[in-house]
Amino acid sequence: MPELPEVEVVRRGLEPRTVGRIVESVEILDARIIRRQAGGADRLRGALTGTRLTAVARRGKFLWWRLADADGQDTGEALVGHLGMSGQLRVRTDDPLSTPADSAGPASEGPASDPHRHRRLTLHLDDGSAIDLLDQRLFGGLWTSPLEAVSDGAVAGLGSPDALIPADAAGIARDLLDPATDLSAVARRIRGRRAPVKSLLLAQDLVSGIGNIYADEALWAARIRFDTPGARLSQRKVLELLRAAREVMERALEVGGTSFDALYVNVEGRSGYFARSLSAYGRDGEPCERCGTVLRRAVHQGRSSHFCPRCQRAAR
DNA sequence: ATGGGCCTGCTG
DNA sequence: CAGCAGGCCCAT
């Protein structure tokens, strides 16, 4: 559930608080959060200790920091973060190196009232602040990845200084907030596939950043049912769908993203307000805002889909 | 292309 | 106490 707008809220929060800072130490409370790190904890510490964070960039749901050594030289790799479905990156300005939570044992065993109960990793910075990665379900992660040139030569992502991208994010398509995204080309690729259009919206190698919530919202806005084959849609209709997806994510970003509870928050731990603006997701049993028909929920490819049976007609 | 696994906490 | 939430990875 952090999807594109929520990750962008986090990126914007991290930018002023972390860029220019040097990592003094890396505290790993649960090694599973760095399971994608080649070489494990030693390699991560080696890459980060004494290293300066020089930019925070994002493509789709992938975030990364650019890194420079003590001489100001680019290290050639990035620190990549992904929030999975329950990850949070929080910045603490007061960083007592050992917090009470440390001695309380495993991060998952603190009291429910402890906001840092699910702290998995902390980067201690040279200005006395710290970046905490909290993640209840551990689908997220933090790891380093070598930089490589993007294939189209444009700036790699929002916040990126150039066309270099972490290798582990190179297979991710540009997202709908990226000015270098070619909407017509994305639409043509969607129309070239017979898979259900919702699966195509969720395919991060076609267009990135869309998750289950915004897919359902975009399909509702464009009046397309989730199981319509991509190839059945006109170019015009797919463009309408992509523009609807972009618009709903832009509106969500304006109000700080979608949050159902304290799990999905900005770097200060605050929730966004877009949940109250959702028209389809989680609204099964409620009337459609357009036609009043009761919205339904269907299980589609193992995930729930919310739709209006009248506005979003079935493909035959 | 498709489905299972990773995870934990909450719900029925 | 089983089921559900779901992004991404991986095996089939």
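First residue of the first sequence: 1, per UniProt numbering; consecutive thereafter.
We treat Cβ as the ideally placed atom computed from N, Cα and C, and that holds for glycine.
Residue i (DSSP reduced to helix, strand or coil)
i           : result
residue 228 : coil
residue 18  : helix
residue 77  : strand
residue 41  : helix
residue 301 : coil
residue 130 : strand
residue 87  : strand
residue 149 : strand
residue 166 : strand
residue 327 : For residue 327 there is no data in the structure shown, the boundaries of the chain being 1 and 316.
residue 13  : helix
residue 184 : helix
residue 313 : coil
residue 241 : helix
residue 4   : helix
residue 92  : strand
residue 52  : strand
residue 69  : coil
residue 175 : strand
residue 199 : helix
DSSP beta-bridge partners of residue i
i           : result
residue 307 : 296
residue 57  : 64
residue 27  : 122
residue 277 : Residue 277 is not bridged to any residue.
residue 144 : 79
residue 158 : 58
residue 208 : 175
residue 135 : 87
Local Cβ density within 10 Å of residue i, reported as buried at 16 or more and exposed below that
i           : result
residue 234 : exposed
residue 2   : buried
residue 196 : buried
residue 312 : buried
residue 301 : exposed
residue 267 : buried
residue 95  : buried
residue 93  : exposed
residue 166 : buried
residue 46  : exposed
residue 135 : buried
residue 144 : buried
residue 6   : buried
residue 254 : exposed
residue 228 : buried
residue 49  : exposed
residue 90  : buried
residue 21  : buried
residue 152 : exposed
residue 207 : buried
residue 294 : exposed
residue 168 : buried
residue 216 : buried
residue 211 : buried
residue 31  : exposed
residue 137 : exposed
residue 87  : buried
Assumed close pair residue i, residue j - CB separation to whole angstroms, cut-off 8 Å
i           : j           : result
residue 173 : residue 163 : So it is not a contact: roughly 15 Å between Cβ atoms.
residue 61  : residue 79  : In fact, because the Cβ distance is near 16 Å, the residues do not count as touching under 8 Å.
residue 121 : residue 133 : 4 Å
residue 320 : residue 77  : No answer is possible for residue 320: it lies beyond the span of the chain, which begins at 1 and ends at 316.
residue 209 : residue 4   : 3 Å
residue 305 : residue 314 : Residue 305 to residue 314, Cβ: 12 Å. No contact.
residue 141 : residue 33  : 6 Å
residue 119 : residue 63  : That pair is no contact at about 18 Å.
residue 44  : residue 26  : 6 Å
residue 230 : residue 200 : 5 Å
Task: Stretch-stretch touch, CB-based, cutoff 8 Å, three pairs: the segment 216-229 with the segment 243-257 - done: With the cut-off at 8 Å, the segment 216-229 and the segment 243-257 touch.
TODO: Give a yes or no on contact between the segment 175-195 and the segment 62-74, applying the rule of three or more CB pairs nearer than 8 Å.
DONE: Contact fails: fewer than three Cβ-Cβ distances are below 8 Å.
Open item on the list: Tell me whether the segment 31-44 and the segment 150-160 touch, counting them as touching only if at least three CB pairs, one residue from each stretch, are closer than 8 Å.
Closed with: No, the segment 31-44 does not touch the segment 150-160.
Open item on the list: With three or more beta-carbon pairs closer than 8 Å as the criterion, would you say the segment 51-71 touches the segment 9-24?
Closed with: Here the segment 51-71 makes contact with the segment 9-24; the two share three or more CB pairs at distances below 8 Å.
- [ ] Decide if the segment 179-189 is in contact with the segment 282-300; the criterion is three or more beta carbon pairs, one per stretch, under 8 Å apart.
- [x] Short answer: they don't touch.
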